[in-house]
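Notes follow once the structure below has been shown.
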Amino acid sequence: MEPEAASLCRSVAETLRPLYEAVRDARLDGDDAFWIVYDEAVVQVAKAKNMAESTTKSTARDVLQEIMILVME
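Letter by letter, the sequence shown follows residues -8 to 64 in the working numbering.
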């Protein structure tokens, strides 16, 4: 992964980790917690890359996957 993408992953993951913990603590189903945070990751990556959210889902899969791995550690 390129250094710029890795930096973006870490930055977004740090931002989203508290959201993931809050959603998980609210005792939502694990799948629901994942998708709530994933959707927010898409929004943040789209803003950072100045892309449409629909485009981000298909073109930034590796970035989104890495973000979710970092968030759920």
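Each residue gets a CB set at the ideal place from its N, CA and C atoms; glycine is no exception.
Item                                                                                                           : Value
The stretch 55 to 63 in contact with the stretch 20 to 35 per 3-pair CB rule at 8 angstroms                    : yes
Outcome for Met(-8) when other beta-carbon atoms lying within 10 angstroms are tallied against a minimum of 16 : exposed
CA-to-CA distance, Ala17 to Ala(-3), given in whole angstroms                                                  : 30 angstroms
Nearest neighbour of Phe25, chosen from Lys40, Lys38, Leu7 [CA to CA]                                          : Leu7
Same chain only: Cβ atoms within 7 angstroms of Glu64, ignoring 5 sequence neighbours per side                 : none
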